[in-house]
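K.L.:
The listed protein sequences correspond, in order, to chains A, B, C and D. With the numbering used here, the residue at position 114 of the first sequence is 114, and numbering never jumps. With the numbering used here, the residue at position 22 of the second sequence is 22, and numbering never jumps. With the numbering used here, the residue at position 113 of the third sequence is 113, and numbering never jumps. With the numbering used here, the residue at position 184 of the fourth sequence is 184, and numbering never jumps.
Number of protein chains: 4
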Amino acid sequence: MSEKSDSKRKFIIEKATEVFASKGFRSVTMKDIVEACQISRGGLYLYYSSTEEIFKEVCQAADEADADQKDISEFLSNAKASELLLWFIKEQKKAILKRKLSLTAAKYEYAFYKKQNGDSKEAKSEFDTAVKVLTNILIRGNDDGEFDCMDPDATALSMMYAIEGMKACGASFGLSEKKVDGELLYLMSQFVES
Amino acid sequence: MSEKSDSKRKFIIEKATEVFASKGFRSVTMKDIVEACQISRGGLYLYYSSTEEIFKEVCQAADEADADQKDISEFLSNAKASELLLWFIKEQKKAILKRKLSLTAAKYEYAFYKKQNGDSKEAKSEFDTAVKVLTNILIRGNDDGEFDCMDPDATALSMMYAIEGMKACGASFGLSEKKVDGELLYLMSQFVES
Amino acid sequence: MSEKSDSKRKFIIEKATEVFASKGFRSVTMKDIVEACQISRGGLYLYYSSTEEIFKEVCQAADEADADQKDISEFLSNAKASELLLWFIKEQKKAILKRKLSLTAAKYEYAFYKKQNGDSKEAKSEFDTAVKVLTNILIRGNDDGEFDCMDPDATALSMMYAIEGMKACGASFGLSEKKVDGELLYLMSQFVES
Amino acid sequence: MSEKSDSKRKFIIEKATEVFASKGFRSVTMKDIVEACQISRGGLYLYYSSTEEIFKEVCQAADEADADQKDISEFLSNAKASELLLWFIKEQKKAILKRKLSLTAAKYEYAFYKKQNGDSKEAKSEFDTAVKVLTNILIRGNDDGEFDCMDPDATALSMMYAIEGMKACGASFGLSEKKVDGELLYLMSQFVES
DNA sequence: AATGAATGAGCCTTCATTCAT
DNA sequence: TATGAATGAAGGCTCATTCAT
């Protein structure tokens, strides 16, 4: 089943991404996806057998697409802390703003859905990873004398909460790029000598 | 007639609140509410004719309940800024933590649902109000020499983003009281001389 | 659910009996029953939620209807053995012949279906009961000097196998009343002095 | 072409036999057979185009396999009646007991299915043949002085009903070899001087 | 006011059957 | 010959909504 036709699977995931981005998670039906893909009901079942299965692959594909944009590991070890921070902030900004295809709302719904049913690990990891990355950046910035951040752990966590808050606000009532920029600048101003 | 029916409406809203808190918005059915209220299907339709209508009243009732706890207007004019901040922070903490009956997830879902359908005002107002209230508190604190906050507008907005982020995190993967306290203290530390 | 409307349940069981009698067990769908009853799909689900559930009640109702025809307990204690045998044989004959509404085929299918899935008790009891009843009749007949049956247990069992065989033949390719009579007479001739 | 396809047909029938033996007739799908044969969906359709067509060949193959075991015609004319009876009884016993690969249940289902649709000849012939064979055996036994059977026709028919009954019981709730032996001995005791 | 039986639309899932390769 | 992806019909189940009582 996994080799059926990778290009078809990819096609379905692409179309499904649009569907989840525009309808969230719970209210998406197999029929919605069938229609988005213009294939038959039975045809979809050859590849996937539930919306949850599709959603997981949609998220995974989206994460991979984000990761592809930069080979982080090498970048992380060579760049200056201020460059890293800029990159990090830009990534977050993209995540907050990407209107058209944002899976944020669907991800919240899915996380809530899993929480109800006992599972609650999946959603957490992405957030925690971001906090760790940012903490490391702040520590290196302190070491290099670029930043002046008293408590990198607390600062990183707090920034990520603010960023998560912007994602949520963006998903529920929209947020202009200007507002996002203003907030990100404000957040950075607390430890960057401008 | 109106008295009796009012108490019945109130009863329905109470039960429905529990349902929305535990199932979110979109996946709640009239049947769920009928069962929670132990009334007949037809009976419910005498009072409300859709889950959306019920959800709006549920949110309104929840907001009023929060507001009732304190007569703010008077309180705002008499209290010291540091007291006001403490009250504000406590309210937010309650909003973040109230696990059992949190409508956060349902509200996000609803906001997203309305955004799709064109409406996107409703959700925004609550957030904006909170920002304004906090801004005023900060300004007063500056005037009284209690706080040292360079940019009250930006600070208030940033704090609310972080708070919104905590709500979202709490709704999707849970947040301990200790973590919330830590973050709130951190946020305040930026302008309060401890 | 059990008191919903007994007359409606009874109506459904009556119609379903016809369906099972004409289509067997496995190939009967909820749709078949819905159409036989001329009710809506959802309507049927108010009373029953699977064909198996309906089939069990159909069988139970059929058994009760058979039992109703005679108050056996009293009859058993007062009648002469030859009368009892006649009654028993007549009942079996009815069971073999009742063409239009015979559940025999459906019962075989169901028994086979349960056997595949591990259960295999349900079907056996009816057969065993009949063997016991017949054995008792033969024993009494011997005691009264009406019959001359050397081994009542073996005879009763063998007769029931033959009767079961006739049921099976009747269900699969039909059996005339004359043939059934001939066979039953032959079976009795082995221990009844004509 | 024909050789290759013949072996393939044979292969399909073998696998299909297992499927019908374990699932009956009506609930067997082309998919079941495709999977049992490990061939493609389209591939199966090159040889057979319905489960009914396959089932007919399955039955025919099974009958031929049974027949192959002994060249009856010659055997019938040379053997002693008591030997023939023993052979006949052993064959029947095998038919009753062959658990794993018994087509009994499927045959009943099929016979019933055809009866609904008007056809009802197919199933009858096998039974009638057996009755005739047994009748002949009994007559010869009488002639040779080995048996003492007053009415060979009636006796043969009655025995076959009992045997058919055992098949049905075996298919629906199982029957031990001991029980089958006991019954067969009982049936024979009625005309064999032990 | 209140009930709850009844309806029918809508989504889920499986399968026989076809067809391009 | 043989494959297996694709289709669409059919049946299962749930739910919003109505209506006679």
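For every residue, glycine included, the Cβ atom is placed at its ideal position computed from N, Cα and C. Please read these numbers as outputs of a predicted model, since none were measured by experiment.
On the three-state DSSP scale, how would you describe B/Ser191?
P.N.:
In the second sequence, residue 191 of chain B corresponds to position 191, counting from 1. Note on residue identity: the sequence assigns Phe, not Ser, to residue 191 of chain B. Coil.
K.L.:
Quick one: grab the DSSP three-state call for A/Phe147.
P.N.:
Taking the first sequence and counting its residues from 1, one reaches residue 147 of chain A at position 147. A/Phe147: strand per DSSP, three-state reduction.
K.L.:
Indicate the three-state DSSP secondary structure (helix, strand or coil) for B/Ala168 in the structure shown.
P.N.:
In the second sequence, the residue the question calls residue 168 of chain B occupies position 168. Correct three-state label for B/Ala168: helix.
K.L.:
Along chain C, which residues have their Cβ under 9 Å away from the Cβ of D/Ala21?
P.N.:
Translated into the one-based positions of the fourth sequence, residue 21 of chain D becomes position 21. Those within 9 Å of D/Ala21 in chain C number zero; the least Cβ separation is about 11 Å.
K.L.:
Grab me the residues of A/Met1's own chain with a C-beta within less than 6 Å of its C-beta, minus the 5 sequence neighbours each way, in chain order.
P.N.:
Residue mapping note: residue 1 of chain A aligns to position 1 of the first sequence, counting from 1. Annotation note: pLDDT 41 at A/Met1 (below 50); position unreliable, no value reported.
K.L.:
When you compare only the Cα positions, how much space is there between D/Asp151 and C/Trp87?
P.N.:
For the purposes of this step, residue 151 of chain D is taken as the residue at position 151 of the fourth sequence. For the purposes of this step, residue 87 of chain C is taken as the residue at position 87 of the third sequence. Their Cα atoms are separated by approximately 26 Å.
K.L.:
Rounding to the nearest angstrom, what Cα-Cα distance links B/Lys179 and A/Thr29 in this structure?
P.N.:
Here residue 179 of chain B is taken as the residue at index 179 of the second sequence, counted from 1. Here residue 29 of chain A is taken as the residue at index 29 of the first sequence, counted from 1. Looking at the two C-alpha atoms, the distance is approximately 37 Å.
K.L.:
When you compare the CB positions of D/Ser198 and C/Ala111, do they come within less than 8 Å of one another, or not?
P.N.:
Since the displayed chain D opens at 1 and closes at 194, residue 198 of chain D lies outside it and no answer follows.
K.L.:
Would a C-beta distance cut-off of 8 Å place D/Ala162 and C/Tyr161 closer than the cut-off?
P.N.:
If you number the fourth sequence from 1, residue 162 of chain D lands on position 162. If you number the third sequence from 1, residue 161 of chain C lands on position 161. For D/Ala162 and C/Tyr161, yes; Cβs fall inside 8 Å.
K.L.:
Among A/Ala65, A/Lys115, A/Arg140, whose alpha-carbon lies nearest the alpha-carbon of B/Leu175?
P.N.:
Translated into positions along the second sequence, residue 175 of chain B becomes position 175. It is A/Lys115 whose Cα lies nearest to the Cα of B/Leu175.
K.L.:
What are the start and end residues of each continuous alpha helix (DSSP H) run of 4 or more residues lying completely inside the region 101-147 of chain C, in chain order?
P.N.:
Counting only runs of 4 or more, we get 104-116, 122-144.
K.L.:
Just curious, the alpha helix (DSSP H) that D/Lys93 is in, first and last residue?
P.N.:
As a working note, residue 93 of chain D is residue 93 in the fourth sequence. Residues 81-97.
K.L.:
Give me, in chain order, the residues of the same chain whose beta-carbon lies closer than 8 Å to that of A/Arg41; leave out the 5 immediate sequence neighbours on both sides.
P.N.:
For the purposes of this step, residue 41 of chain A is taken as the residue at position 41 of the first sequence. Met30, Lys31, Val34, listed in sequence order.
K.L.:
Give the residues of chain C in contact with D/Gln38, contact being defined as C-beta atoms less than 8 Å apart.
P.N.:
As a first step, residue 38 of chain D is located in the fourth sequence; it is residue number 38 there, counting from the start. Within 8 Å Cβ-Cβ: nothing; D/Gln38 doesn't reach chain C, min ~22 Å.
K.L.:
Is C/Gln60 helix, strand or coil by DSSP?
P.N.:
On the third sequence, position 60 is the one that residue 60 of chain C refers to. It is helical.
K.L.:
Does any CB atom of chain B fall closer than 8 Å to the CB of A/Cys59?
P.N.:
By 1-based counting over the first sequence, the position of residue 59 of chain A is 59. Cβ-Cβ to chain B under 8 Å: no for A/Cys59.
K.L.:
Grouping DSSP H, G and I as helix and E and B as strand, with all else coil, what is D/Val19?
P.N.:
Along the fourth sequence, one-based indexing puts residue 19 of chain D at 19. The answer is helix: DSSP assigns D/Val19 an H, G or I state.
K.L.:
Taking Cβ positions only, does B/Gln116 come closer than 8 Å to chain A?
P.N.:
The residue labelled residue 116 of chain B in the question sits at position 116 within the second sequence. True, the Cβ-Cβ gap to chain A drops below 8 Å.
K.L.:
Does A/Ala156 come within less than 8 Å of chain B when only Cβ atoms are used?
P.N.:
The sequence position of residue 156 of chain A within the first sequence is 156, counting from 1. Closer than 8 Å: no.
K.L.:
List, in order along the chain, the chain B residues whose C-beta lies closer than 8 Å to that of A/Gln190?
P.N.:
Residue mapping note: residue 190 of chain A aligns to position 190 of the first sequence, counting from 1. By Cβ distance, chain B contributes Gln190.
K.L.:
Please list, in chain order, the residues of the region 161-174 of chain A that have any C-beta partner in chain B closer than 8 Å.
P.N.:
Here the close residues are Tyr161, Ala162, Ile163, Glu164, Gly165, Met166, Lys167, Ala168, Cys169, Ala171, Ser172, Phe173, Gly174.
K.L.:
Buried or exposed for D/Glu146, please, with buried defined as at least 16 other CB atoms from any protein chain shown within 10 angstroms of its CB.
P.N.:
As a working note, residue 146 of chain D is residue 146 in the fourth sequence. Buried, because 16 or more other Cβ atoms sit within 10 Å of the Cβ of D/Glu146.
K.L.:
My output table needs one value for D/Arg9: the three-state DSSP class, helix, strand or coil.
P.N.:
In the fourth sequence, counting from the first residue as 1, residue 9 of chain D sits at position 9. D/Arg9 falls in the helix class under three-state DSSP.
K.L.:
Any Cβ of chain C within less than 8 Å of the Cβ of D/Ala16?
P.N.:
By 1-based counting over the fourth sequence, the position of residue 16 of chain D is 16. Cβ-Cβ to chain C under 8 Å: no for D/Ala16.
K.L.:
Straight-line CA distance for C/Glu3 to C/Ile54?
P.N.:
Indexing the third sequence from 1 puts residue 3 of chain C at position 3. Indexing the third sequence from 1 puts residue 54 of chain C at position 54. With a pLDDT of 48 at C/Glu3, under the threshold of 50, the modelled position of that residue is not reliable, and the figure given next carries that caveat. Looking at the two C-alpha atoms, the distance is approximately 16 Å.
K.L.:
Locate the alpha helix (DSSP H) running through A/Tyr45, then write down its first and last residues.
P.N.:
Working through the first sequence from its first residue, we reach residue 45 of chain A at position 45. It spans 41-45 - the alpha helix (DSSP H) in which A/Tyr45 sits, taken as one unbroken run.
K.L.:
Taking the alpha-carbon positions, what's the A/Ile12 to C/Gly165 distance?
P.N.:
Mapped onto the first sequence, residue 12 of chain A falls at position 12. Mapped onto the third sequence, residue 165 of chain C falls at position 165. The straight-line gap from Cα to Cα measures roughly 57 Å.
K.L.:
Can you confirm whether A/Ser27, when its beta carbon is compared against all beta carbons of chain B, has any partner nearer than 8 Å?
P.N.:
Working through the first sequence from its first residue, we reach residue 27 of chain A at position 27. Judged by the 8 Å Cβ criterion, A/Ser27 is in contact with chain B.
K.L.:
Give me the Cα-Cα distance between D/Glu183 and D/Lys80, rounded to the nearest whole angstrom.
P.N.:
Looking up residue 183 of chain D in the fourth sequence gives position 183. Looking up residue 80 of chain D in the fourth sequence gives position 80. Cα to Cα, D/Glu183 sits roughly 23 Å from D/Lys80.
K.L.:
Is the beta carbon of A/Gly24 less than 8 Å from the beta carbon of A/Ala106?
P.N.:
Taking the first sequence and counting its residues from 1, one reaches residue 24 of chain A at position 24. Taking the first sequence and counting its residues from 1, one reaches residue 106 of chain A at position 106. Yes; because the gap between Cβ atoms is below 8 Å, this pair is in contact.
K.L.:
Can you check whether the C-beta of C/Gly43 is within less than 8 Å of a C-beta belonging to chain D?
P.N.:
On the third sequence, residue 43 of chain C is found 43 positions in, with the first residue counted as 1. Not one chain D Cβ lies under 8 Å of C/Gly43.
K.L.:
Please report how far the alpha carbon of C/Ala61 lies from the alpha carbon of B/Asp66, in whole angstroms.
P.N.:
Numbered from 1 along the third sequence, position 61 holds the residue referred to as residue 61 of chain C. Numbered from 1 along the second sequence, position 66 holds the residue referred to as residue 66 of chain B. Roughly 59 Å between the two C-alpha positions.
K.L.:
Along chain D, which residues have their Cβ under 8 Å away from the Cβ of C/Leu187?
P.N.:
Sequence index remark: in the third sequence, residue 187 of chain C carries index 187 (1-based). Ordered by position in chain D, the residues that pass the 8 Å Cβ test against C/Leu187 are Ser158.
K.L.:
My guess is that A/Ser82 and A/Gly141 are in contact by the Cβ rule of under 8 Å, so how many angstroms apart are they, rounded?
P.N.:
Here residue 82 of chain A refers to the residue found at position 82 of the first sequence. Here residue 141 of chain A refers to the residue found at position 141 of the first sequence. Indeed they touch by this definition, with Cβ atoms about 7 Å apart.
K.L.:
Using 8 Å as the threshold, is the C-beta distance between B/Glu177 and B/Leu97 below it?
P.N.:
The residue labelled residue 177 of chain B in the question sits at position 177 within the second sequence. The residue labelled residue 97 of chain B in the question sits at position 97 within the second sequence. Yes, the Cβ-Cβ distance between B/Glu177 and B/Leu97 is below 8 Å.
K.L.:
Out of B/Glu91, B/Lys8, B/Gly170, state which residue places its alpha-carbon closest to the alpha-carbon of B/Ile39.
P.N.:
Here the question's residue 39 of chain B lines up with position 39 in the second sequence. Of the candidates B/Glu91, B/Lys8, B/Gly170, the one whose C-alpha sits nearest the C-alpha of B/Ile39 is B/Lys8.
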